[in-house]
Each structure stands twice: as structure tokens, then as C-alpha cells.
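Residue numbers (this note's numbering), protein chains in the order written: chain Y, 1 to 517; chain H, 518 to 769. What follows is a single structure, written as C-alpha cells, with notes after it.
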């Protein structure tokens, strides 16, 4: 933004404020509620996998902590609003902000001119970009020294785009570009360096200072490039000059009042921690105590319960939707049949993740109704997975219904049974036997697909796992605990399938005989 | 054959100028026939002659396109209560079409319970009585897959009997059975006649037809060509087509 236009916007803001002063009571100035506070609530979009800015400090996944969270609390208090955090994947935050699911994003996000094109940013803390490698790696003198090396970054962040600029330079010089791998969470980025898959990762210094407890002695900073876009953390809000001025004033007050300095000290977000970084305190290879405590933790149990609930509810809904569609698709041609075929084709064709993101982030743009509080991540997940799964289930049901001998219908008709009775007592019981194995198969697949819902902030099992890993870095232990939960659930349903199949003894001469005897 | 233009309300079944099309194909061509109470009719004719279509029109599994169908003095058309009609007119199929997921006795009780609202105990007792009548009381609790073809066809007959029908339609009931099983079905059909149940049977078995029929109806290309007692039909058929048909059937 040029100084001229900045002056203009400040002038405009002043004008607005003045208009407000004239129209309202003069005392209203300090109490004016900014647009990002809605219904007395300050809703914060944050991705709690970036300690010390925003993370989960303990096994309770709903208890957020960090400098960003404390700052949001201070801001909420300033405007007498209730603080409502909404946790989600990094990629989900800005679409959510645009969709008005939250009033602001504070999540260790850097102030960058690119983001400021679409959102207003107010910086609140200083930072620096660091390149980190395994301990013992040689220091760099320039980013271009990474030519031909592989580095990891968190997806959704702007690091990859920054590296691409370095690559342009490298290509111009005829050298090999830097290879970038992107991972959804910061802890996974660090892991890649720890296991030696990549040469280095890019992060912010503050996060690294915090990580020293887990990483001490294992990694070291090899370079600190000075990029203008990576010097400050900022709060993002939807574009609104007036809101921006109010927020800037709030941050100014908190800075001059010493509150922000206090938070920086509390969370170790200042340069003095760099020295301690070489401290040796490496975690054990596999800590059984951590594994068992994860396995028995309330957080995991809740995550697993949520995974199971959403999978069962979605599949039940999918079956309910798919049966009439399958019956109609097996019937004669009609315009409705064409529409239903299109429904099946679209929802089988589109990736499940895309459907989730679409329903959560794009739907509210068309129908503001879906922006309201009742439309929780749970409901959104239920809706998308039900629709998605119903498209697959239609095909299973269609095949199963077709496999029932048409003579069965004829015989039931000839006995005077009504159509509903024919389906309920003659066709469905036989179709069920054929549909059961592929249906259970689909269900198991769905149970695992629920993990995608973490992208729209549903705290299912894998989301819980990742939050715990981000906090502790004990990824082997937590991954193992999650694996046990998933396997236990899957085995239970396989057992259930066996039990139900016993009821189909009528289809097998030998088993039927054993049953009667 | 000469019929008055109006159907005869005194007959069990009275048909006048019944026609049926499948798109452009004329499956039944102005059929007229009267069937008396307790009569055993066998419908013969080459494949594709419209035999099965005719009997399927009688319980309106296939609705006719024109003409009049009257059962017990009541016109059967689009307004007929199908549940009631099919309670009066039962049907037995070539491939038995038993419900494979139900035991023999449950096959028999399903429709009475659902359609008539009969209590389970009463339906069960009736079903076992009919299974005994068709000679397979001891197989009552088995699933269809455990029964031989003859036994399955007996269950199918018992299933039809459980609805207390006045008419039973047989669509090639013996086509999938061995000679011993066929003779079993013959004696069951004699029993039905003794109970005043009217039967209309489509078959390709000449011996079986001769043995059970009161009258033979010979059809070809959707039309009835001859109606005669079996002795007359098999010894001196009146039409060339019937003669040719019998020649071919006896030769093979």
C-alpha cells in the first residue's frame, strides 16, 4: 500500500469515526463494537498445532493455549465479548474467515502483502524465518545454497511460494532448484528432518524456541534469511477500514500497556532463548508409558467415539437415501432417473475432501443460512459424508436388488401382497444378503474417511492424534495408539458382519441343514 | 364354439373377446371361454401361443387390453381390488418361486399373515395342515434349498392353498420335475378337484394333461382353436394345427 493511499484510508476512517461522533453519543467512541465481534462473541479461527503461538497444552483437545489465544482473550475482554475459539486445519482458516464463520484469524500467521490484498492485517509480534536442519549440518550463507536439496514446509503457509522465488533465481543461474515437500501440520514438517527424509525445514524462530524441549540437540538453525514478508505475526480480519483502525488501536494500547511484552515473556517468544536451544534432552525411541496414557486418555476415547458416531450416522443416512434411488434407477427411464444418475455420478466422481470443503466453506457463500451457529462441523461432516457415501451405496443396492430373481416379485404379487410388503418381506431380506459384504466394506472405508473431517475442524480421532503429536512430538506413540483404536473399530464391524451372515444360512444347503438339526 | 356376447355370471370364470398386446405384438386374440366351478382345464399349445399370458390375465398379473373377464359374476378390470382377486385366484409357477429366506411353513404363512391379518398360530396350524395334505408335513421347517424339486412344488401348492383360493392357476407346474414327482402332483390335483377348487393348468406334458383335464383348451398364435374333452382332443383333433402339434409332441 502506498503512503498516499494509506493516508487516504486513515482519513476515511477518521471521517467515519467523526460521522459516528456526530450521529451518536460522544461516549460511544470507546465502546463501539467492531464488525468482527458478532452477537457478543469474538470467534477465533486458529490451527492449534503451532506452539507457542496456538496449541493444545495437555491431553484435553478443547483446552487451547499459546500467545495467540491469550491475545484473543485480551481482545475479547476489551470489547466485552465472549471468546469462542474454532480450531481447524491451516488451509481452512481463511476460507472460514471469508465465510464469516469467525471474526478473526490469529494463528501464528505472518503479515504478508499477498494476504493483505484480501484481508486486513494488524501485526502484533516480531518474528524471523529460520532454516533448520539436523544437528551438525553446515551453516548456509544464502538460501541458494539449498540448490538441489529437499526442504519441508507446512502446506497453506507461504513458505513454498517464497522458495519458488529463490528457485527462479537458481534457474536463471542455470542451477538445480530447491525441492519443496508440503505437509499439513508443522509437526510433520519437523519429523521429515528428524527422520532424514529432507535436508531442512522452514519455520518461524519463535516456534523453534518453543520446540527446544522436544528437539533440543537434534536440530539446529542453519540460516536466517531476512525476508520482508516474514518479520511480523499479524491478526487477520475481513476487509473493513473501520474495524482495522479499531483493532490497530487495541494492539497499540496492549503494546504500550505492556500486555504484549508480558505475553512474549510468558510464551518465550523472544530472541533470548536461542542459546538454550542446543540443550540435550532427546526423547526415548518408544515410550510405552506415553503410548498407554494416550490409549487410555479421554481425548482419544472422545475422538474415537466421534469417529465412530459420524461414520455410523453417515452410513445410516446414506443407506436411507440410497435405497429409493437404487429402486428408481432399476426402474424404467424417466427424467427423474436421469437426475438421479447425475447425482450418483457427481458424488462418486468428486473427491470426498473437496465435498467436505465445499459444504463447509462454499455453501455459506450461496446460502447464508449455513453460516449460522447451528451448522456445526459435525453436521457439515454428516451431510457431506452421507451424500458422498449414498452415491456408492446406490450402486451396491442396485446390484443387490437386481440379483433377486424377478420370480420372487411375481410370486408375492400372485399372493396378493402389497408392493411395500413385497419389498419389506420378500425382496429386501434377499437383497440384504447380497449387499451386506460390500456394505460393510464401504463402512470400513468410511470409518477411515472420517479423518478428512479434521480439515473442517471436527475433532475426530486423527485430528486429536495430530494435536497431541504437535504438542509432544511423540509421534510414534500417538500414531500407534490411534492405529489400535482404528483396528479395534474395524475388527468389531468385521465380527458383526460374521454374526449377521449366520442369519443367511438359508442360502447354503449345508449350513441350513445344520441349523434345522 | 359359440358364446353369447355377454359373459356368463354363473360360471366360475367367464371370458369374452379378451385381447392382450405387448407393444405391437398381439399375445391374446379375442379369447372367449367359460370355466365351470370345480372344473380342471388344461391349456395346450406350441411355445409362444399365449397360454401363459392367458392364465396370467386371470389373476391380473398381466392386465388385459380389451374384452371382458368375469370371475364369480364380478367384472375384473383396473378397478378390481387385486388383493381380494389374488386371494380368490392362487398361482403356482414352473420354477416354484418359493421365498428362499423362509422355511416351508413360513412360505405358507407369510401372505395369510400380511394380507389377511391371520394370527401366527392360526396361520401356522393351517399351513401345516396343507403341507400334510400335499404330503410333506415332515419338511415344514426346512428351507427351500434343502428340498427336492417335487417337494418344492408341493410347498408352492400348499402356499397357494393357504389363501383358501377358489381357483388355482398352474403355469407349467411339472416342467422341472421327474416322472415320479409328476405323479405326486397329479394326485394332489385330484384332491383339489375333490375340494371343488377350479384349476387352470398350462403344460407341455401330454400324459399329465390327459390324466388331469376335464377339458383341453388348445391355443395357437394367441387364439383358442379347440376346446374338447381329452379323449376327443387326443384321438380326433378337429384342426390341422392341433393335429400337427400332437404329431410333434408324440414324436419327441
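Glycine included, every Cβ here is placed at the ideal spot set by N, Cα and C.
- For residue 603 of chain H, the nearest beta carbon of chain Y is closer than 8 Å to its own beta carbon.
- It is roughly 6 Å from the alpha-carbon of residue 481 of chain Y to the alpha-carbon of residue 291 of chain Y.
- Taken through DSSP and simplified to helix, strand or coil, residue 687 of chain H comes out as strand.
- In terms of beta-carbon proximity, residue 509 of chain Y lines the interface with chain H, with at least one pair separated by less than 8 Å.
- With a cut-off of 8 Å on Cβ pairs, the stretch 298-307 of chain Y is not in contact with the stretch 225-239 of chain Y, counting fewer than three such pairs.
- In terms of Cβ geometry, residue 613 of chain H and residue 673 of chain H form a close pair [threshold 8 Å].
- Just measuring C-alpha positions, the residue of H:728, H:615 and H:724 sitting nearest residue 409 of chain Y is H:615.
- As far as DSSP is concerned, residue 370 of chain Y takes part in no beta bridge.
- For the stretch 646-667 of chain H, the set of residues with a beta-carbon nearer than 9 Å to any beta-carbon of chain Y comprises 658, 659, 660, 661, 662 and 663, in chain order.
- Beta-bridge pairing by DSSP links residue 607 of chain H to H:685.
- Across the stretch 426-460 of chain Y, CB contacts with chain H closer than 7 Å involve 426, 429 and 430, in sequence order along the chain.
- Per DSSP, residue 452 of chain Y is not a residue of any alpha helix (DSSP H), being assigned neither H nor E.
- Listed in chain order, the alpha helix (DSSP H) elements of length 4 or more contained wholly in the stretch 282-341 of chain Y are 288-295 and 298-329.
- Fewer than three pairs of CB atoms, one per stretch, sit closer than 8 Å, so the stretch 346-354 of chain Y makes no contact with the stretch 414-430 of chain Y.
- When DSSP states are grouped into helix, strand and coil, residue 594 of chain H belongs to the coil group.
- Cβ proximity to chain H below 8 Å picks out nothing from the stretch 492-503 of chain Y.
- Using a Cβ distance threshold of 8 Å, residue 182 of chain Y and residue 153 of chain Y count as a contacting pair.
- Burial state of residue 624 of chain H is buried, judged by a 10 Å Cβ sphere holding 16 or more other Cβ atoms.
- Counting every other CB atom within 10 Å of its CB across the protein chains shown gives residue 267 of chain Y a total of 16 or more, marking it as buried.
- Taking residue 708 of chain H as reference, the option from H:675, H:692 and H:722 with the minimal CA-CA separation is H:675.
- When the alpha-carbon of residue 209 of chain Y is set against those of Y:53, Y:510, Y:355 and Y:378, the nearest one is in Y:53.
- Below the 7 Å Cβ cutoff, chain Y contributes 416 as neighbours of residue 599 of chain H, in chain order.
- For the stretch 392-410 of chain Y, the beta-carbon criterion of a distance under 7 Å to any beta-carbon of chain H is satisfied by 407, 408 and 410.
- Under the 8 Å criterion on CB atoms, residue 632 of chain H is classed as interfacial with respect to chain Y.
- Beta-carbon to beta-carbon, residue 572 of chain H and residue 585 of chain H are separated by about 17 Å, too far to satisfy the 8 Å threshold.
- Counting C-beta pairs with one atom in each stretch, the stretch 319-335 of chain Y and the stretch 361-375 of chain Y have fewer than three that are closer than 8 Å, which means they do not touch.
- Sequence-ordered contacts of the stretch 609-627 of chain H with chain Y read 610, 612, 614, 616, 617, 618 and 627 [C-beta pairs closer than 7 Å].
- For residue 224 of chain Y and residue 132 of chain Y, the gap between their C-alpha atoms comes out near 9 Å.
- Taking 8 Å as the cut-off, the beta carbon of residue 577 of chain H is found no closer than this to the beta carbon of residue 683 of chain H.
- DSSP places residue 130 of chain Y in the uninterrupted beta strand (DSSP E) bounded by 129-134.
- When CB distances to chain Y are screened at a threshold of 7 Å, the residues of the stretch 569-587 of chain H falling below it are 576 and 578, in chain order.
- By the criterion of at least three beta-carbon pairs nearer than 8 Å, the stretch 136-149 of chain Y is in contact with the stretch 164-174 of chain Y.
- The C-alpha of residue 691 of chain H is placed about 23 Å away from the C-alpha of residue 509 of chain Y.
- At the C-beta level, residue 552 of chain H and residue 715 of chain H come within 8 Å of one another.
- Under the Cβ distance rule, residue 706 of chain H does not count among the residues neighbouring chain Y, no pair being separated by less than 8 Å.
- Chain order gives no chain H residues near residue 333 of chain Y, where near means a beta carbon separation below 7 Å; the closest approach is about 15 Å.
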